[in-house]
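Participant:
Residue numbers (our numbering): 24 to 454.
1) Would you report the Cα separation of residue 202 and residue 387, rounded to the nearest angstrom?
2) Using only CA atoms, which one of 93, 70 and 238 lies nearest to residue 273?
3) Which residue's Cα is closest to the Cα of residue 235: 195, 348 and 130?
4) Within the chosen definition, does the stretch 291-308 reach the stretch 167-179 through at least 3 CB pairs nearer than 8 Å?
5) Output the distance between the C-alpha atoms of residue 397 and residue 342, rounded to the nearest integer angstrom.
6) Measure from the alpha carbon of residue 110 to the alpha carbon of each residue in 329, 102, 101 and 123, then state which is nearest.
7) If I measure Cβ to Cβ from residue 176 and keep anything under 7 Å in the same chain, skipping five residues before and after, which residues do I get?
8) To which residues of the same chain is residue 415 closer than 8 Å at the C-beta, ignoring the five residues directly before and after it?
9) Are residue 344 and residue 253 close, meaning C-beta to C-beta below 8 Å?
10) Roughly how many angstroms lie between the CA atoms of residue 401 and residue 94, to the nearest whole one?
11) So, are the CB atoms of residue 165 and residue 223 less than 8 Å apart?
12) Taking DSSP as the reference, what is the three-state secondary structure of residue 276?
13) In chain order, which beta strand (DSSP E) runs of at least 3 residues are fully inside the stretch 335-367?
14) DSSP state of residue 266, grouped into three classes?
15) Does DSSP put residue 282 in a helix, a strand or coil?
16) What do you get for residue 66, buried or exposed, if any count of 16 or more other CB atoms within 10 angstroms of its CB means buried?
17) By how many angstroms is the C-alpha of residue 221 removed from the C-alpha of residue 284?
Written as C-alpha coordinates, this is what we have:
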(Lines of atoms letter the chains of each structure in order from A and count residues from 1; the text may use other names and numbers.)
(Lines give C-alpha, C1' and ligand atoms only; values in the text may rest on other atoms or scores of the structure.)
Protein backbone atom coordinates (compact mmCIF):
# COMPACT_ATOMS: atom_id res chain seq x y z
CA UNK A 1 0.00 0.00 0.00
CA UNK A 2 2.83 2.37 0.90
CA UNK A 3 4.55 1.56 -2.40
CA UNK A 4 1.35 2.36 -4.36
CA UNK A 5 0.87 5.63 -2.50
CA UNK A 6 4.51 6.55 -3.11
CA UNK A 7 4.13 5.83 -6.85
CA UNK A 8 1.00 7.93 -7.10
CA UNK A 9 2.74 10.76 -5.27
CA UNK A 10 5.64 10.68 -7.71
CA UNK A 11 3.25 10.80 -10.68
CA UNK A 12 1.40 13.74 -9.12
CA UNK A 13 4.64 15.65 -8.54
CA UNK A 14 5.76 15.01 -12.11
CA UNK A 15 2.46 16.39 -13.40
CA UNK A 16 2.97 19.52 -11.34
CA UNK A 17 6.36 19.99 -12.98
CA UNK A 18 5.00 19.73 -16.52
CA UNK A 19 4.99 22.99 -18.45
CA UNK A 20 1.64 24.57 -19.19
CA UNK A 21 1.93 23.71 -22.89
CA UNK A 22 2.36 19.99 -22.11
CA UNK A 23 -0.67 19.94 -19.84
CA UNK A 24 -2.70 21.75 -22.50
CA UNK A 25 -1.73 19.28 -25.21
CA UNK A 26 -2.64 16.38 -22.95
CA UNK A 27 -6.02 17.92 -22.18
CA UNK A 28 -6.77 18.57 -25.83
CA UNK A 29 -5.98 15.02 -26.88
CA UNK A 30 -9.11 13.06 -27.70
CA UNK A 31 -11.59 15.91 -27.26
CA UNK A 32 -14.59 15.93 -29.57
CA UNK A 33 -16.77 18.92 -30.32
CA UNK A 34 -20.49 19.12 -29.60
CA UNK A 35 -20.99 22.85 -30.18
CA UNK A 36 -21.02 24.28 -33.73
CA UNK A 37 -17.47 25.01 -34.87
CA UNK A 38 -17.35 28.14 -37.04
CA UNK A 39 -13.63 27.64 -37.67
CA UNK A 40 -14.36 24.30 -39.33
CA UNK A 41 -17.61 25.14 -41.15
CA UNK A 42 -19.04 28.64 -41.37
CA UNK A 43 -21.20 28.07 -44.44
CA UNK A 44 -24.46 28.38 -42.50
CA UNK A 45 -23.34 30.95 -39.92
CA UNK A 46 -25.05 34.33 -39.75
CA UNK A 47 -22.30 36.44 -38.25
CA UNK A 48 -24.19 39.64 -37.46
CA UNK A 49 -27.51 40.62 -35.97
CA UNK A 50 -29.98 43.08 -37.51
CA UNK A 51 -27.95 46.00 -36.15
CA UNK A 52 -24.68 44.84 -37.69
CA UNK A 53 -23.34 43.66 -34.34
CA UNK A 54 -21.85 40.33 -33.38
CA UNK A 55 -24.43 38.16 -31.60
CA UNK A 56 -24.18 37.89 -27.82
CA UNK A 57 -24.74 34.77 -25.72
CA UNK A 58 -24.15 33.62 -22.18
CA UNK A 59 -20.64 32.39 -21.51
CA UNK A 60 -21.92 29.05 -20.24
CA UNK A 61 -23.90 28.40 -23.43
CA UNK A 62 -20.61 28.78 -25.32
CA UNK A 63 -18.71 26.36 -23.10
CA UNK A 64 -16.98 28.91 -20.85
CA UNK A 65 -17.52 29.51 -17.17
CA UNK A 66 -18.40 33.08 -16.21
CA UNK A 67 -16.14 32.55 -13.20
CA UNK A 68 -13.21 32.00 -15.55
CA UNK A 69 -13.99 35.24 -17.37
CA UNK A 70 -14.22 37.09 -14.06
CA UNK A 71 -10.78 35.80 -13.13
CA UNK A 72 -9.43 36.76 -16.57
CA UNK A 73 -10.70 40.34 -16.35
CA UNK A 74 -9.51 40.68 -12.78
CA UNK A 75 -6.02 39.54 -13.74
CA UNK A 76 -5.86 41.96 -16.66
CA UNK A 77 -7.02 44.72 -14.35
CA UNK A 78 -4.52 43.87 -11.60
CA UNK A 79 -1.47 42.76 -13.58
CA UNK A 80 -1.50 44.75 -16.84
CA UNK A 81 -0.66 48.42 -17.20
CA UNK A 82 -3.58 50.34 -18.71
CA UNK A 83 -5.86 47.76 -20.30
CA UNK A 84 -8.43 49.51 -22.51
CA UNK A 85 -10.83 46.83 -23.70
CA UNK A 86 -11.43 43.10 -24.03
CA UNK A 87 -13.83 41.04 -26.12
CA UNK A 88 -13.95 37.22 -26.05
CA UNK A 89 -15.75 35.34 -28.84
CA UNK A 90 -16.61 31.66 -28.91
CA UNK A 91 -18.36 29.97 -31.82
CA UNK A 92 -18.87 33.39 -33.40
CA UNK A 93 -20.67 34.92 -30.42
CA UNK A 94 -19.54 37.38 -27.78
CA UNK A 95 -19.13 35.66 -24.41
CA UNK A 96 -17.61 38.62 -22.57
CA UNK A 97 -16.77 42.26 -23.24
CA UNK A 98 -15.54 45.12 -21.12
CA UNK A 99 -13.94 48.56 -21.36
CA UNK A 100 -11.85 50.53 -18.91
CA UNK A 101 -13.06 54.18 -18.78
CA UNK A 102 -12.74 56.55 -20.50
CA UNK A 103 -12.79 53.90 -23.24
CA UNK A 104 -16.13 52.58 -24.43
CA UNK A 105 -17.60 50.56 -27.31
CA UNK A 106 -17.58 53.80 -29.34
CA UNK A 107 -13.86 54.47 -28.81
CA UNK A 108 -11.84 54.25 -32.02
CA UNK A 109 -8.49 52.75 -31.04
CA UNK A 110 -5.14 53.13 -32.77
CA UNK A 111 -4.21 49.62 -33.91
CA UNK A 112 -0.57 50.41 -34.64
CA UNK A 113 0.98 47.30 -36.23
CA UNK A 114 -2.23 45.31 -36.01
CA UNK A 115 -2.92 47.34 -39.17
CA UNK A 116 -0.48 45.01 -40.94
CA UNK A 117 -2.90 42.08 -40.90
CA UNK A 118 -5.50 44.21 -42.69
CA UNK A 119 -2.93 45.23 -45.31
CA UNK A 120 -2.10 41.56 -45.84
CA UNK A 121 -5.79 40.85 -46.34
CA UNK A 122 -5.98 43.60 -48.97
CA UNK A 123 -3.09 41.93 -50.77
CA UNK A 124 -5.03 38.67 -50.57
CA UNK A 125 -8.01 40.21 -52.32
CA UNK A 126 -5.73 41.66 -55.01
CA UNK A 127 -4.09 38.27 -55.55
CA UNK A 128 -7.47 36.52 -55.67
CA UNK A 129 -8.67 39.01 -58.30
CA UNK A 130 -5.56 38.48 -60.42
CA UNK A 131 -4.30 42.02 -59.90
CA UNK A 132 -1.19 40.97 -57.99
CA UNK A 133 0.97 37.87 -57.72
CA UNK A 134 2.88 36.66 -54.68
CA UNK A 135 5.79 36.01 -57.02
CA UNK A 136 5.81 39.54 -58.44
CA UNK A 137 9.31 41.00 -58.25
CA UNK A 138 9.82 44.27 -56.43
CA UNK A 139 11.87 45.46 -59.37
CA UNK A 140 8.77 45.08 -61.56
CA UNK A 141 6.26 46.43 -59.05
CA UNK A 142 8.37 49.53 -58.39
CA UNK A 143 10.30 49.96 -61.62
CA UNK A 144 9.99 53.74 -61.33
CA UNK A 145 11.54 53.81 -57.85
CA UNK A 146 14.74 51.79 -58.30
CA UNK A 147 18.10 53.19 -57.16
CA UNK A 148 19.80 55.55 -59.60
CA UNK A 149 22.68 53.12 -60.16
CA UNK A 150 20.48 50.01 -60.49
CA UNK A 151 21.31 49.49 -64.18
CA UNK A 152 25.09 49.69 -63.66
CA UNK A 153 25.91 49.09 -60.00
CA UNK A 154 29.32 48.91 -58.39
CA UNK A 155 30.09 46.26 -57.43
CA UNK A 156 28.05 44.42 -60.10
CA UNK A 157 26.38 42.14 -57.52
CA UNK A 158 25.19 45.07 -55.39
CA UNK A 159 21.50 44.51 -56.20
CA UNK A 160 21.44 40.75 -56.69
CA UNK A 161 19.22 40.16 -53.63
CA UNK A 162 16.93 43.06 -54.51
CA UNK A 163 16.42 41.53 -57.95
CA UNK A 164 15.13 38.33 -56.30
CA UNK A 165 12.80 39.91 -53.72
CA UNK A 166 9.06 39.41 -54.23
CA UNK A 167 5.73 40.54 -52.81
CA UNK A 168 5.66 37.34 -50.76
CA UNK A 169 8.99 38.30 -49.21
CA UNK A 170 7.50 41.65 -48.17
CA UNK A 171 4.53 39.88 -46.59
CA UNK A 172 6.77 37.51 -44.60
CA UNK A 173 9.16 40.23 -43.38
CA UNK A 174 12.01 38.53 -45.22
CA UNK A 175 12.73 40.80 -48.18
CA UNK A 176 16.45 40.76 -47.43
CA UNK A 177 17.15 43.81 -45.28
CA UNK A 178 19.36 43.36 -42.22
CA UNK A 179 17.99 46.56 -40.68
CA UNK A 180 14.69 48.32 -41.22
CA UNK A 181 14.73 51.35 -43.53
CA UNK A 182 13.67 54.56 -41.85
CA UNK A 183 10.78 56.31 -43.58
CA UNK A 184 10.38 59.96 -42.63
CA UNK A 185 6.91 60.56 -41.22
CA UNK A 186 5.96 56.87 -40.96
CA UNK A 187 5.05 56.90 -37.28
CA UNK A 188 4.10 60.49 -36.39
CA UNK A 189 0.99 61.86 -38.02
CA UNK A 190 2.49 64.07 -40.70
CA UNK A 191 0.61 65.08 -43.83
CA UNK A 192 3.29 67.31 -45.32
CA UNK A 193 5.00 66.11 -48.48
CA UNK A 194 8.74 65.76 -47.88
CA UNK A 195 11.11 67.01 -50.50
CA UNK A 196 13.33 64.50 -52.20
CA UNK A 197 12.84 60.76 -52.51
CA UNK A 198 9.64 58.82 -51.99
CA UNK A 199 9.24 56.11 -49.36
CA UNK A 200 9.44 53.50 -52.13
CA UNK A 201 12.82 54.89 -53.20
CA UNK A 202 14.07 54.94 -49.61
CA UNK A 203 13.07 51.30 -49.14
CA UNK A 204 14.61 50.03 -52.37
CA UNK A 205 17.96 51.79 -51.95
CA UNK A 206 18.39 50.37 -48.43
CA UNK A 207 20.95 47.52 -48.61
CA UNK A 208 19.53 44.06 -49.33
CA UNK A 209 22.11 41.86 -47.61
CA UNK A 210 20.26 38.53 -47.22
CA UNK A 211 18.79 36.02 -49.62
CA UNK A 212 15.09 36.94 -49.78
CA UNK A 213 12.86 34.55 -47.86
CA UNK A 214 15.58 33.40 -45.48
CA UNK A 215 16.09 36.15 -42.88
CA UNK A 216 13.34 37.66 -40.71
CA UNK A 217 13.57 41.37 -40.02
CA UNK A 218 10.50 43.07 -38.61
CA UNK A 219 9.96 45.77 -41.18
CA UNK A 220 7.05 48.21 -41.02
CA UNK A 221 8.48 49.93 -44.08
CA UNK A 222 8.02 46.65 -45.93
CA UNK A 223 4.32 46.63 -45.09
CA UNK A 224 4.06 50.13 -46.52
CA UNK A 225 5.49 48.67 -49.72
CA UNK A 226 2.71 46.05 -49.73
CA UNK A 227 0.19 48.89 -49.37
CA UNK A 228 1.84 50.77 -52.22
CA UNK A 229 1.83 47.65 -54.40
CA UNK A 230 -1.89 47.17 -53.78
CA UNK A 231 -2.58 50.79 -54.67
CA UNK A 232 -0.52 50.57 -57.85
CA UNK A 233 -2.33 47.39 -58.88
CA UNK A 234 -5.87 48.48 -58.04
CA UNK A 235 -5.83 52.26 -58.35
CA UNK A 236 -7.17 52.59 -54.81
CA UNK A 237 -5.65 53.01 -51.37
CA UNK A 238 -5.72 49.89 -49.23
CA UNK A 239 -8.43 51.50 -47.13
CA UNK A 240 -10.66 52.32 -50.09
CA UNK A 241 -9.99 48.96 -51.73
CA UNK A 242 -11.12 47.15 -48.56
CA UNK A 243 -14.35 49.15 -48.15
CA UNK A 244 -16.57 47.01 -50.44
CA UNK A 245 -14.59 43.80 -49.94
CA UNK A 246 -14.14 43.72 -46.15
CA UNK A 247 -15.39 46.72 -44.21
CA UNK A 248 -18.90 46.91 -45.67
CA UNK A 249 -19.66 43.16 -45.42
CA UNK A 250 -18.44 43.17 -41.80
CA UNK A 251 -20.47 46.34 -41.09
CA UNK A 252 -17.34 48.25 -40.15
CA UNK A 253 -17.91 51.95 -40.72
CA UNK A 254 -15.40 53.45 -43.15
CA UNK A 255 -12.32 53.68 -40.95
CA UNK A 256 -9.59 56.26 -40.75
CA UNK A 257 -6.19 55.06 -41.97
CA UNK A 258 -3.27 57.47 -41.82
CA UNK A 259 -1.91 58.22 -45.29
CA UNK A 260 1.71 58.61 -46.26
CA UNK A 261 2.86 62.07 -47.39
CA UNK A 262 2.05 60.95 -50.94
CA UNK A 263 -1.47 59.70 -50.18
CA UNK A 264 -0.84 55.97 -49.73
CA UNK A 265 -2.27 54.18 -46.69
CA UNK A 266 0.67 53.60 -44.36
CA UNK A 267 -0.11 49.90 -44.32
CA UNK A 268 2.10 48.88 -41.44
CA UNK A 269 0.41 51.21 -38.98
CA UNK A 270 -2.16 54.00 -38.87
CA UNK A 271 -5.52 52.17 -38.86
CA UNK A 272 -8.11 53.09 -36.21
CA UNK A 273 -11.03 50.78 -35.32
CA UNK A 274 -13.47 49.91 -32.56
CA UNK A 275 -12.79 46.85 -30.42
CA UNK A 276 -15.76 45.04 -31.95
CA UNK A 277 -14.38 45.76 -35.42
CA UNK A 278 -11.17 43.97 -34.45
CA UNK A 279 -13.22 41.05 -33.14
CA UNK A 280 -15.21 40.89 -36.38
CA UNK A 281 -11.99 40.79 -38.37
CA UNK A 282 -10.70 38.00 -36.15
CA UNK A 283 -13.85 35.97 -36.74
CA UNK A 284 -13.51 36.59 -40.49
CA UNK A 285 -9.96 35.23 -40.33
CA UNK A 286 -11.03 32.29 -38.16
CA UNK A 287 -13.68 31.42 -40.75
CA UNK A 288 -11.00 31.58 -43.45
CA UNK A 289 -12.60 34.35 -45.46
CA UNK A 290 -16.23 33.27 -45.17
CA UNK A 291 -18.81 35.73 -43.83
CA UNK A 292 -22.56 35.31 -43.51
CA UNK A 293 -22.30 32.15 -45.57
CA UNK A 294 -20.40 33.80 -48.44
CA UNK A 295 -16.77 33.12 -49.32
CA UNK A 296 -15.42 36.67 -49.63
CA UNK A 297 -11.75 35.66 -49.85
CA UNK A 298 -10.48 32.18 -50.75
CA UNK A 299 -9.86 29.98 -47.72
CA UNK A 300 -6.51 29.02 -49.20
CA UNK A 301 -5.32 32.58 -48.71
CA UNK A 302 -5.82 32.34 -44.96
CA UNK A 303 -4.20 28.92 -44.89
CA UNK A 304 -1.11 30.58 -46.36
CA UNK A 305 -1.37 33.89 -44.51
CA UNK A 306 -1.55 32.34 -41.04
CA UNK A 307 1.01 29.58 -41.61
CA UNK A 308 4.68 29.79 -40.66
CA UNK A 309 6.81 30.91 -43.60
CA UNK A 310 9.93 32.14 -41.85
CA UNK A 311 11.58 31.50 -38.49
CA UNK A 312 11.85 34.42 -36.10
CA UNK A 313 13.42 32.88 -33.01
CA UNK A 314 13.97 29.72 -31.00
CA UNK A 315 12.47 30.42 -27.57
CA UNK A 316 9.68 27.85 -27.07
CA UNK A 317 8.01 30.06 -24.46
CA UNK A 318 7.93 33.25 -26.52
CA UNK A 319 5.03 34.16 -28.76
CA UNK A 320 7.48 36.25 -30.79
CA UNK A 321 9.50 33.19 -31.78
CA UNK A 322 6.93 30.76 -33.21
CA UNK A 323 7.23 31.85 -36.83
CA UNK A 324 5.71 34.51 -39.06
CA UNK A 325 3.14 34.35 -41.84
CA UNK A 326 1.77 37.03 -44.16
CA UNK A 327 1.72 39.82 -41.56
CA UNK A 328 0.34 37.43 -38.93
CA UNK A 329 2.35 36.17 -35.97
CA UNK A 330 2.33 32.50 -35.04
CA UNK A 331 1.83 31.77 -31.34
CA UNK A 332 2.21 28.74 -29.12
CA UNK A 333 -0.62 26.20 -29.06
CA UNK A 334 -1.32 26.51 -32.81
CA UNK A 335 -2.69 30.03 -32.35
CA UNK A 336 -2.07 33.06 -34.55
CA UNK A 337 -2.55 36.77 -34.03
CA UNK A 338 -2.46 40.27 -35.41
CA UNK A 339 -0.32 42.40 -33.13
CA UNK A 340 0.14 46.12 -32.50
CA UNK A 341 2.30 48.29 -30.29
CA UNK A 342 1.18 48.68 -26.67
CA UNK A 343 -0.59 45.29 -26.77
CA UNK A 344 -3.26 45.66 -29.43
CA UNK A 345 -4.20 42.07 -30.21
CA UNK A 346 -6.46 40.04 -32.45
CA UNK A 347 -5.95 36.46 -31.30
CA UNK A 348 -7.46 33.58 -33.30
CA UNK A 349 -7.63 30.10 -31.75
CA UNK A 350 -8.84 27.69 -34.45
CA UNK A 351 -8.76 24.55 -32.30
CA UNK A 352 -11.04 26.20 -29.74
CA UNK A 353 -13.13 28.19 -32.26
CA UNK A 354 -12.38 31.37 -30.34
CA UNK A 355 -11.29 34.94 -31.00
CA UNK A 356 -9.98 37.50 -28.51
CA UNK A 357 -9.70 41.24 -29.16
CA UNK A 358 -7.61 43.38 -26.81
CA UNK A 359 -6.71 47.05 -26.84
CA UNK A 360 -4.42 48.56 -24.25
CA UNK A 361 -1.58 50.94 -23.50
CA UNK A 362 0.77 48.32 -22.10
CA UNK A 363 4.32 47.30 -22.96
CA UNK A 364 3.76 43.92 -21.28
CA UNK A 365 2.98 42.14 -24.54
CA UNK A 366 3.92 38.62 -23.46
CA UNK A 367 2.32 39.16 -20.07
CA UNK A 368 -1.03 39.93 -21.70
CA UNK A 369 -0.85 36.85 -23.91
CA UNK A 370 0.19 34.65 -21.00
CA UNK A 371 -2.84 35.75 -19.00
CA UNK A 372 -5.17 35.10 -21.94
CA UNK A 373 -3.75 31.66 -22.63
CA UNK A 374 -3.42 30.55 -19.01
CA UNK A 375 -6.98 31.47 -18.14
CA UNK A 376 -8.88 30.67 -21.32
CA UNK A 377 -7.28 27.72 -23.08
CA UNK A 378 -7.94 25.16 -20.34
CA UNK A 379 -11.40 26.66 -19.75
CA UNK A 380 -12.84 26.30 -23.25
CA UNK A 381 -15.18 23.29 -23.21
CA UNK A 382 -16.70 21.55 -26.21
CA UNK A 383 -20.18 21.34 -24.72
CA UNK A 384 -22.38 23.98 -23.10
CA UNK A 385 -22.09 24.36 -19.34
CA UNK A 386 -25.02 24.65 -16.93
CA UNK A 387 -26.19 28.25 -16.73
CA UNK A 388 -24.90 30.11 -13.67
CA UNK A 389 -27.06 33.23 -13.18
CA UNK A 390 -25.13 34.46 -10.16
CA UNK A 391 -21.77 34.17 -11.91
CA UNK A 392 -23.18 35.89 -14.99
CA UNK A 393 -24.46 38.74 -12.81
CA UNK A 394 -21.08 39.00 -11.09
CA UNK A 395 -19.37 39.15 -14.50
CA UNK A 396 -21.60 42.02 -15.61
CA UNK A 397 -21.05 43.83 -12.33
CA UNK A 398 -17.28 43.54 -12.67
CA UNK A 399 -17.34 44.80 -16.26
CA UNK A 400 -19.45 47.78 -15.18
CA UNK A 401 -17.17 48.66 -12.26
CA UNK A 402 -13.80 48.80 -14.01
CA UNK A 403 -11.77 51.97 -13.53
CA UNK A 404 -8.65 53.18 -15.31
CA UNK A 405 -5.65 53.44 -13.03
CA UNK A 406 -4.42 56.91 -12.15
CA UNK A 407 -2.18 58.34 -14.84
CA UNK A 408 -2.96 55.53 -17.29
CA UNK A 409 -5.51 57.05 -19.66
CA UNK A 410 -3.24 58.30 -22.43
CA UNK A 411 -3.95 55.72 -25.12
CA UNK A 412 -4.03 57.03 -28.68
CA UNK A 413 -7.61 57.14 -29.94
CA UNK A 414 -9.04 58.81 -33.01
CA UNK A 415 -11.31 61.06 -30.99
CA UNK A 416 -8.28 62.83 -29.50
CA UNK A 417 -6.59 63.71 -32.80
CA UNK A 418 -6.82 67.14 -34.51
CA UNK A 419 -7.47 65.69 -37.95
CA UNK A 420 -9.22 67.69 -40.66
CA UNK A 421 -12.74 66.60 -41.50
CA UNK A 422 -11.93 66.27 -45.21
CA UNK A 423 -9.52 63.47 -44.34
CA UNK A 424 -11.92 61.72 -42.00
CA UNK A 425 -14.87 62.07 -44.30
CA UNK A 426 -16.92 63.34 -41.37
CA UNK A 427 -18.52 66.68 -40.57
CA UNK A 428 -16.87 67.24 -37.24
CA UNK A 429 -13.22 67.84 -36.40
CA UNK A 430 -11.73 65.86 -33.54
CA UNK A 431 -9.56 67.75 -31.05
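Beta carbons: idealized from backbone N, C-alpha and C, even for Gly.
These figures come from a predicted structure and were not determined experimentally.
Facilitator: Short version:
1) 24 Å
2) 70
3) Of the candidates 195, 348 and 130, the one whose C-alpha sits nearest the C-alpha of residue 235 is 195.
4) The stretch 291-308 is not in contact with the stretch 167-179.
5) 13 Å
6) When each option's Cα is compared against that of residue 110, the closest is 123.
7) 182
8) Here the set comprises 81, 82, 83 and 89.
9) No, these two residues do not count as a Cβ contact at 8 Å.
10) 13 Å
11) yes
12) coil
13) 352-354 and 358-363
14) helix
15) strand
16) exposed
17) 9 Å
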